[in-house]
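Sequential numbering of the sequence shown, starting at 639, is according to this note's numbering. Beta carbons: idealized from backbone N, C-alpha and C, even for Gly.
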Amino acid sequence: MQILNNFKTLCFKSQPCSWFNSIRSINNTKMACSKYEYVKKFELSDNILPNTWIVVRIDGKGFHKFSKIHNFEKPNDKNALNLMNYAATLVMQEYCDIILSFGQSDEYSFVFHKNTEVYNRRHFKILSNVNSLFTSSYVMYWNDFLPDTKLQYPPSFDARIVLYPSDQNLRDYLSWRQADVHINNLYNTCFWMLVQKSGLTCKEAEEKLRGTISSEKHELLFSQFGINYNDLDIMFKKGTILIKKQVMLPTIEKNKILICPFFEDMIRDDFWNRNDELLEKKKPKYLKLEEKNISIILKKQMDKFS
């Protein structure tokens with residue numbers, strides 16, 4: 639008993655009451671938390687409807703001014719477009735439930751599978767994380783694609799989420815965005831040829847093109863500038879489709895899943911028949927790459943494995 643009393647005396651004399659202070663601190667913290675945690679009730683429930691395709695669409699904010707200040711080539715700057723494509727690739731690498739992405743100009747659409755449970759399908763979690771990752775990637779890899787152009791100020795992108803309940807609704811959305819590529823590119827090609835080659839002002843070029851139909855724009859390009867619209871870079875006319883595929887890498891002799899760019903018509907059934915794994919969420923199909931078809935987007939991914 640004497641030994642026990644001596645031990646207690648020694649403990650309490652030699653040590654401050656740190657243990658008791660810690661307990662008191664924890665209790666005080668809990669009381670403070672319980673006092674203020676009512677504010678969480680002001681948060682809105684933002685869970686997305688189940689069994690619906692989730693499309694996150696990102697658009698450049700004020701990119702008319704941004705492209706002018708950074709001297710983007712008109713009507714299309716291939717390096718700037720590939721920067722968008724690579725930023726989108728990094729987003730797809732982060733989120734395995736993105737089955738397809740589609741980009742044109744300063745916008746990108748990311749399609750999450752209808753059964754995804756990413757972030758428990760919380761609207762603002764999905765929206766904010768995809769948008770911030772895309773934007774930060776765009777800035778981080780700017781010098782890789784536009785090394786001779788100094789970034790003058792931080793770009794920003796707005797974003798929205800749209801839900802599509804059926805496969806056909808989703809296909810119609812993507813068809814709408816791809817049709818928009820052709821309409822805009824045909825107009826912009828005519829517009830900038832009139833400004834750059836014919837010396838018209840922007841207002842005069844707008845007046846000349848007002849009310850013209852597609853065939854008249856084709857004729858204008860060919861007759862005045864010797865341009866066959868069909869010969870232009872297909873990325874400018876169709877936009878960029880990003881899909882995950884299994885690719886054999888010769889450097890390591892293994893298949894790796896890469897984000898592969900495609901420039902083709904996805905309005906017709908042929909595209910969806912060839913890539914039937916997309917809507918059914920199957921394992922990515924094998925793709926045989928030819929040397930001539932290795933784009934800068936693929937090369938940057940392949941370099942990580944070399």
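Under DSSP, Pro899 forms a beta bridge with Leu880.
Between Gly741 and Ala718, the gap from beta carbon to beta carbon reaches 7 angstroms or more.
Measuring C-alpha to C-alpha distances from Asp796 to each of Pro785, Glu745 and Met831 identifies Glu745 as the nearest. Checking the DSSP bridge columns, you'll see Met730 has no partner listed. When C-beta atoms of the region 727–736 are compared with those of the region 746–764, three or more pairs fall below 8 angstroms, so the two segments count as touching.
With contacts defined as CB atoms closer than 7 angstroms, Cys898 and Lys883 qualify as a contacting pair. In this chain, the beta strand (DSSP E) harbouring Val800 covers Phe795 to Tyr802.
If you draw a straight line from the Cα of Leu687 to the Cα of Arg759, it comes to about 8 angstroms. About 12 angstroms separates the CB atoms of Val729 and Leu765; that is not less than 8 angstroms, and the two are not in contact. Annotation for Val749: no alpha helix (DSSP H) segment contains it, though the beta strand (DSSP E) segment containing it runs Glu745 to Phe750. Beta-bridge partners of Met886 (DSSP): Asn893. Around the beta carbon of Gly698, 16 or more other beta carbons lie within 10 angstroms, which makes this residue buried.
In the DSSP secondary-structure assignment, Asp697 is bridged to Glu745 and Asp796. In this structure Asp684 is in contact with His761, their Cβ atoms being roughly 4 angstroms apart against a cut-off of 8 angstroms. The Cβ atoms of Ile934 and Asn720 sit closer than 7 angstroms to each other. For Leu927, the three-state secondary structure derived from DSSP is coil. Around the CB of Lys875, 16 or more other CB atoms lie within 10 Å, so the residue is classed as buried. In the DSSP assignment, Lys937 falls within the alpha helix (DSSP H) that extends over Ile934 to Asp941. In this structure Lys678 is exposed. Its beta-carbon is surrounded by fewer than 16 other beta-carbon atoms within 10 angstroms. If you check the CB distance, Lys763 and Thr690 do not come in under 7 angstroms. Here Leu896 is buried: its Cβ has 16 or more other Cβ atoms, across all protein chains shown, within 10 Å. In the three-state reduction of the DSSP assignment, Phe710 falls in the coil class. Apart from the 5 residues on each side of it in sequence, Val833 sits with its Cβ closer than 7 angstroms to the Cβ of Cys840 and Ala843 in its chain, given in chain order.
Along the length of the region 770–849, whole beta strand (DSSP E) runs at least 3 residues long occupy 795–802, reported in chain order. In its chain, beyond the 5 residues on either side, Leu859 have a beta carbon closer than 6 angstroms to the beta carbon of Ile865.
Glu915 and Tyr674 have their C-alpha atoms some 49 angstroms from each other. For Asn911, the uninterrupted alpha helix (DSSP H) segment begins and ends at Asp907 to Arg912. Spatial neighbours of Pro922 in its own chain (CB-CB distance under 6 angstroms, excluding positions within 5 residues in sequence) are listed in chain order as Lys882, Lys883, Gln884 and Ile895.
For Leu859, the enclosing alpha helix (DSSP H) begins and ends at Ser852 to Phe863.
In summary, Met778 is exposed, with fewer than 16 beta-carbon neighbours lying within 10 Å of its beta-carbon over all protein chains present.
Counting only residues of its own chain and dropping the five nearest sequence neighbours on each side, Ser852 has a CB closer than 7 angstroms to the CB of Leu824.
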